[in-house]
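Presented below is the structure to which this report refers.
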Ligand code: NAI
Ligand code: MG
C-alpha cells in the first residue's frame with residue numbers, strides 16, 4: 002500500500018498554505034509516480050469548533066498510524082479567551098507529546114535570491130545551509146520540581162533542568178544520523194562549564210559519537226555558540242542542543258535567513274515498525290490572523306516542510322531536492338509574496354500565484 006500522509010491544515014493561514022501543498026503533492030503523484038494515501042483532519046480552533054476539543058481522540062489515533070503528519074498552524078484571536086485545557090495550542094502539544102517527538106529539526110537555509118533580505122552581510126549568509134536539532138520533550142520546560150513557592154516573606158519561581166542519559170542519547174543519535182546524511186559535522190552545544198546537565202550532555206554525546214567515527218564532533222558552550230552563529234554561521238553543519246538553548250538558538254539561526262514565511266521544521270520520534278521515525282512536519286510560523294483570508298500568506302514554509310517529509314519520512318531525498326530547487330528557482334525569478342518584499346515598492350503575488358510558480362518550476366525540472 003502507499004505511504005500515508007495525514008494533513009492537518011488547522012487555523013488562519015494554515016488551510017491557505019496547505020491548499021498549495023496539496024497541489025504539489027498531487028503533482029508528485031501525477032508526474033513522478035509518488036502516490037500517497039492522503040487524508041485530512043481537523044486540529045486547533047477548527048477542531049474545537051467541531052468537537053469541543055483541539056484534537057479529537059480519533060484524530061490522535063490517525064496521527065499515530067500515519068507515516069507522516071503535515072500540519073499548517075493553529076490558533077487565533079477567536080480562541081484566545083478559551084480555557085487553557087482546550088486552547089488550539091493544546092492540540093499541537095498533544096500531538097508532540099503522545100507521538101513522543103523528541104528531536105526538533107530546524108533548518109536555516111539561505112536562498113541566494115533572498116541574501117539581501119538578511120540582517121547580516123550578504124557574504125555571511127549566502128549559501129548558508131545548517132540544521133539545528135533541538136531536544137523537544139525534556140529539560141527545563143518539563144523538569145520537576147517546578148512551581149512558585151513561598152520562602153520566608155517572598156515567593157520563589159522554580160524550574161528544574163533535568164536530562165536522563167537515555168534522553169540525551171536518543172536525540173544525539175538523531176543528530177548523528179542527520180550529520181551522516183549531510184556534511185558529517187556535528188557541533189553539540191550546552192553549558193558544561195556551569196551546569197551538571199551540560200556535563201552529562203557532553204559526556205553522552207561524546208560516547209554516542211564513537212558509533213559515528215565519520216562525523217567530526219565538536220562541543221561549544223551555548224553562549225559562545227550564539228556568538229559564532231551570528232559571526233560566521235557557515236562554520237556549522239548540524240548543531241544539537243537541549244530544549245531551552247535550542248529554542249533560542251533555532252530562532253536566532255532562523256532569522257539569519259529572513260522571513261518566517263520561509264521556515265520549515267520537522268519533529269521526529271522513535272522509529273516505527275517500518276524503520277522510519279514518527280514524524281510531524283510544520284512551518285515555523287503561526288496562523289497569522291493579521292493576513293488570514295486575504296491570499297497574502299507565503300506558502301513556501303509549508304511547501305518546504307513537505308520537502309522535509311519527502312526526505313525524512315519517505316526516503317525521497319532526490320524528490321525533496323527537486324522541490325527545494327523549484328523553490329530556489331521561483332525566488333531567483335523574482336516571485337515574491339508580500340513578506341518577501343520588505344520596503345520594496347513592487348506589487349506582491351498571492352499565495353496561489355506562488356503555488357502556480359512552484360508548480361511551473363517543477364514542470365520545468
Ligand atoms: P505568526 O507566525 O502567526 O505571525 C507573525 C507575523 O509573521 C505576522 O505578522 C504574520 O502575518 C507573519 N507571517 C507568519 N507566517 C507568514 C507567512 N506564511 N507568510 C507571510 N507572513 C507570515 O505569529 P503570531 O502572530 O505571534 O501568532 C498568531 C497566532 O498563531 C497565535 O494564535 C499563536 O498562538 C499562533 N501560533 C501558532 C503556531 C503553530 O501553530 N505552530 C506557532 C506560533 C504561533
Ligand atoms: Mg521559540
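Residue numbers (the UniProt record's numbering): 2 to 366. Ideal Cβ positions, reconstructed from N, Cα and C, are used throughout, including at glycine. From a predicted model like this one, the values you see are computed outputs, not experimental measurements.
Segment contact: the segment 284-302 against the segment 67-76, three or more CB-CB distances shorter than 8 Å; contact assigned.
With a 10 Å radius around the Cβ and a threshold of 16 neighbouring Cβ atoms, residue 334 comes out exposed. Annotated three-state conformation of residue 275 is coil, per DSSP. With a cutoff of 8 Å on beta-carbon distance, residue 112 and residue 137 are scored as not near each other. The Cβ atoms of residue 316 and residue 262 do not sit closer than 8 Å to each other.
For residue 305, the closest of 3, 2, 25 by C-alpha to C-alpha distance is 25. Residue 267 is bridged by DSSP to 106, 282.
Under DSSP, the beta-bridge partners assigned to residue 136 are 104. Burial state of residue 348 is exposed, judged by a 10 Å Cβ sphere holding fewer than 16 other Cβ atoms. Residue burial annotation: residue 212 is exposed, with fewer than 16 other C-beta atoms found within 10 angstroms of its C-beta.
Relative to the ligand NAI, residue 82 has its C-beta separated by 7 Å or more from all heavy atoms. At least one heavy atom of the ligand NAI falls within 7 Å of the beta-carbon of residue 14. The C-alpha of residue 351 is placed about 12 Å away from the C-alpha of residue 14.
In the DSSP assignment, no residue is bridged to residue 212.
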